[in-house]
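Numbering (our numbering), first residue to last: 127 to 442. We put the beta carbon where it would ideally sit given N, CA and C, even for glycine. Read through the structure below, which is laid out as structure tokens, and then see the notes.
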């Protein structure tokens with residue numbers, strides 16, 4: 127078992143900067159921006175970027191993302207959330223794509239279903255559209271088609287199916303399988319399929335090409351995060367799988383510093399990491415291990431530089 131911790135790099139003496147201030151001016155002038163105050167803010171700042179596309183209303187069009195994933199829209203795909211007819215203004219389409227484990231952690235978008243079962247992902251995507259600053263929905267009677275590129279790492283492509291977002295309002299995000307969905311090979315080691323508007327809308331625009339990970343024996347994992355003021359808002363715990371394109375977010379409850387995952391594969395090689403933001407400072411810890419029955423673990427995050435944390439996670 128190996129432990130990895132980033133060095134504490136934030137204790138830098140700055141002229142005119144008191145310990146209780148979160149924004150101060152260094153010798154060279156300018157402003158030191160404080161780190162994100164919550165995990166949600168951290169994911170907003172460092173998660174997968176929103177790629178912007180402009181579509182012509184009433185016209186069928188295809189957008190291609192920076193990584194080469196394609197989404198095709200029909201002339202009748204879009205309806206305004208205020209029930210007014212579409213105007214002639216361009217439709218602004220925002221696409222986020224999450225292909226690897228680093229972005230899964232930074233975006234706080236794990237690969238588990240709403241029952242906590244582990245999934246392996248071939249790509250997570252969010253599609254959101256607006257017109258004249260009014261949110262648009264996908265027409266319930268229409269579908270959006272897509273064709274994906276393969277991620278850099280995928281253990282198996284067998285059994286891939288479509289999932290949609292489980293919605294918000296829970297501490298741990300989960301994916302919902304689309305009944306009878308099938309994904310076909312697109313001839314480029316990626317997948318092709320379509321998603322109905324009803325499901326895309328209910329999942330806040332999120333879709334995922336996934337398969338259920340093969341698990342012979344599952345066990346609970348309890349991770350205790352050492353430190354004061356540990357809450358589910360300022361502390362996150364993630365399990366990153368070495369041999370799968372998969373990440374679990376370990377759930378917690380306020381009032382406890384222990385975070386628990388119910389179904390982790392015994393024998394899996396993983397990195398367990400924690401990120402905490404508190405009083406304008408970031409704390410980070412990571413440990414490598416092979417999961418044993420009834421695994422318990424204590425992580426002691428140390429104060430670390432924001433850029434170093436992000437770089438380490440992106441390298442997962």
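Residue i in three-state terms, based on DSSP
i, result
"residue 435", "helix"
"residue 149", "Because the pLDDT at residue 149 is just 38, under 50, the model does not fix this residue reliably, and the value given afterwards should be weighed accordingly. Coil."
"residue 169", "helix"
"residue 294", "Low confidence applies to residue 294: its pLDDT is 49, below 50, so where it sits in the model is not reliable, and the reading given next is rough at best. Reduced to three states, the DSSP call for residue 294 is coil."
"residue 232", "helix"
"residue 440", "helix"
"residue 397", "strand"
"residue 227", "helix"
"residue 317", "strand"
"residue 279", "coil"
"residue 375", "strand"
"residue 412", "strand"
"residue 421", "strand"
"residue 339", "coil"
"residue 218", "strand"
"residue 287", "strand"
"residue 181", "strand"
"residue 299", "coil"
"residue 262", "strand"
"residue 144", "Confidence at residue 144 is low in this model, with a pLDDT of 32, below 50, so its placement is unreliable and the value that follows should be read with caution. Residue 144 falls in the coil class under three-state DSSP."
"residue 175", "coil"
"residue 428", "strand"
"residue 268", "coil"
"residue 307", "coil"
Cα-Cα separation, residue i to residue j
i, j, result
"residue 361", "residue 197", "35 Å"
"residue 250", "residue 230", "9 Å"
"residue 295", "residue 370", "For residue 295, the predicted structure reports a pLDDT of 42, less than 50, and the residue's modelled location is therefore unreliable. A value from the coordinates is still provided. Taking the straight line from one Cα to the other gives about 28 Å."
"residue 327", "residue 264", "7 Å"
"residue 435", "residue 222", "22 Å"
"residue 442", "residue 373", "11 Å"
"residue 439", "residue 233", "11 Å"
"residue 282", "residue 224", "18 Å"
"residue 159", "residue 299", "29 Å"
"residue 391", "residue 259", "45 Å"
"residue 424", "residue 364", "13 Å"
Residue range of the unbroken alpha helix (DSSP H) whose run includes residue i
i, result
"residue 327", "323 to 328"
Residue i: first and last residue of the uninterrupted beta strand (DSSP E) it sits in
i, result
"residue 246", "245 to 257"
"residue 187", "187 to 190"
"residue 362", "361 to 367"
"residue 348", "344 to 351"
"residue 206", "204 to 206"
"residue 384", "384 to 391"
"residue 196", "196 to 199"
Among the options, nearest to residue i - alpha-carbon criterion
i, options, result
"residue 315", "307, 407 and 286", "286"
"residue 227", "410, 399, 254 and 345", "399"
"residue 216", "204, 208, 225 and 209", "204"
"residue 199", "289, 271 and 367", "271"
"residue 187", "238, 179 and 240", "179"
"residue 307", "351, 356, 290 and 426", "290"
"residue 239", "214, 329, 181 and 396", "329"
"residue 388", "244, 410, 206 and 183", "244"
"residue 185", "313, 202 and 206", "202"
Cβ separation of residue i and residue j, assumed to be a contact under 8 Å, to the nearest whole Å
i, j, result
"residue 403", "residue 349", "About 17 Å separates the two Cβ atoms, so there is no contact after all."
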